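> If you scroll down you'll find the structure; I have some questions about it.
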Amino acid sequence: MSSFRNLVGALMLGAATILGAAPAQAAGPAITLPDTRFSFEGFFGVYDRGSLQRGFQVYKEVCSACHAMRQLSYRNLLEIGLTEAQVRAIAATFQVVDGPNDQGEMFERPARLSDRFRRPFANEQAARAANNGAYPPDLSVMVKARLNGADYMHALLTGYRDPPAGFQLMDGMNYNAYFPGHQIAMPNVLNPGQVEYADRTEATVDQMARDVTTFMAWAAEPEAEKRRAMGIRIILFLIILGGLTYAVKRKVWADVKH
């Protein structure tokens, strides 16, 4: 009975989420998102490790100045193909608050593998003060916050344009072709050649947007590959079991006359 109530609750929550998102989509003309076709999409999709590592680099060098990813620990970077030595070196470049020490005082130390990603601001008020009142959201599960979240994030990052003639852009806002209402507080943060990829991939705006979106998609659902692999194994098992069951049935009833 408890499982049934949990299932009903999950369905109601899902319906509320979808219905709650509808007004935001209905606030203006429908926006068609480009189909980016990521490698991790679909039943057999997998994360491109090279893209994940480049995406983390874009997050670290560009996005982390404003956006936190507090659901991730530095040790999670081992799952995107980085070595332990590389991850330890990355973590050590950040200072995190720890304590209290023997004197009862808080202190800073280099981050360890077990530490969460460092937040760019101490609290929401500090974040708003540094961003003209706007609050940069945590990106840990941002891709899961919307339908077609990966396509939306890629479109958003590549959608900055000059406003069309007659469009009234409010002070401090930026025009974005894919943001509802087309006015967004976040400025265009990606520019060609902004980062230097270690694998020498050309850092175009489209490439950086694709890579950091891949990283955010993985951060929101790091177990996706394992879950899909398990699903495939279960389906194959059921197919084989069904075939064996049918064969046994035919064998058992072969001599029975109708």
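If you use mature numbering (1 follows the signal peptide of the UniProt record, and there is no 0), the sequence shown corresponds to residues -26 to -1, 1 to 232, in order. Note that the Cβ used here is the ideal one computed from N, Cα and C, for glycine as well. If you're wondering where the values come from, they're calculated on a predicted model, not measured in any experiment.
#1: Considering only C-alpha positions, which residue in the set Ala4, Phe18 and Leu7 is nearest to Arg207?
#2: So, is Asp173 buried or exposed, given that buried needs 16 or more other C-beta atoms within 10 angstroms?
#3: Assuming contact is defined by CB atoms lying nearer than 9 Å, are Val186 and Tyr33 in contact in what I supplied?
#4: Among Asn105, Leu26 and Thr6, which has the Cα closest to the Cα of Phe12?
#5: Beta carbon of Glu199, beta carbon of Val61: below 9 Å?
#6: Specify the secondary structure class of Asn50 as computed by DSSP and reduced to three states.
#7: Is Asp22 helix, strand or coil by DSSP?
#8: Cys40 and Ala104 - do their beta-carbons sit closer together than 9 Å?
#9: Starting from the Cα of Gln69, find the closest Cα among Leu56, Met204 and Leu87 and give me that residue.
#10: Could you tell me the alpha carbon to alpha carbon distance between Arg23 and Lys225, rounded to whole angstroms?
#11: Are the Cβ atoms of Ala124 and Phe14 separated by less than 9 Å?
#12: For residue 234, does the count of other Cβ atoms within 10 angstroms reach 16, so buried, or fall short, so exposed?
#13: Roughly how many angstroms separate the alpha carbons of Lys118 and Gly107, rounded to a whole number?
Quick look at the numbers:
#1: Within the sequence shown, residue 207 is the residue found at index 233, counting from 1. Selected option, being the one with the closest Cα: Phe18.
#2: Residue 173 sits at position 199 when you count from the first residue of the sequence shown. Asp173 should be labelled exposed.
#3: Your numbering for residue 186 matches position 212 in the sequence shown. Your numbering for residue 33 matches position 59 in the sequence shown. Result yes, Cβ atoms of Val186 and Tyr33 sit closer than 9 Å.
#4: Counting from 1 along the sequence shown, the entry for residue 12 is found at position 38. For the residues Asn105, Leu26 and Thr6, the minimum Cα distance to Phe12 belongs to Leu26.
#5: In the sequence shown, residue 199 corresponds to position 225, counting from 1. In the sequence shown, residue 61 corresponds to position 87, counting from 1. Cβ distance not < 9 Å, so Glu199 and Val61 don't count as in contact.
#6: For this step, residue 50 is matched to residue 76 along the sequence shown. Reduced to three states, the DSSP call for Asn50 is helix.
#7: Locating residue 22 in the sequence shown gives position 48, where the first residue counts as 1. DSSP, read as helix, strand or coil, puts Asp22 in coil.
#8: By 1-based counting over the sequence shown, the position of residue 104 is 130. By 1-based counting over the sequence shown, the position of residue 40 is 66. Contact: yes.
#9: On the sequence shown, residue 69 is found 95 positions in, with the first residue counted as 1. Nearest C-alpha to Gln69: Leu87.
#10: Here residue 23 refers to the residue found at position 49 when the sequence shown is read from its first residue. Here residue 225 refers to the residue found at position 251 when the sequence shown is read from its first residue. When rounded, the separation of the alpha-carbon atoms in Arg23 and Lys225 is 49 Å.
#11: Here the question's residue 124 lines up with position 150 in the sequence shown. Here the question's residue 14 lines up with position 40 in the sequence shown. Cβ distance < 9 Å, so Ala124 and Phe14 count as in contact.
#12: Examination of residue 234 is not possible in this model, given that the chain is present from -26 through 232 alone.
#13: Looking up residue 118 in the sequence shown gives position 144. Looking up residue 107 in the sequence shown gives position 133. Taking the straight line joining both Cα atoms gives about 25 Å.
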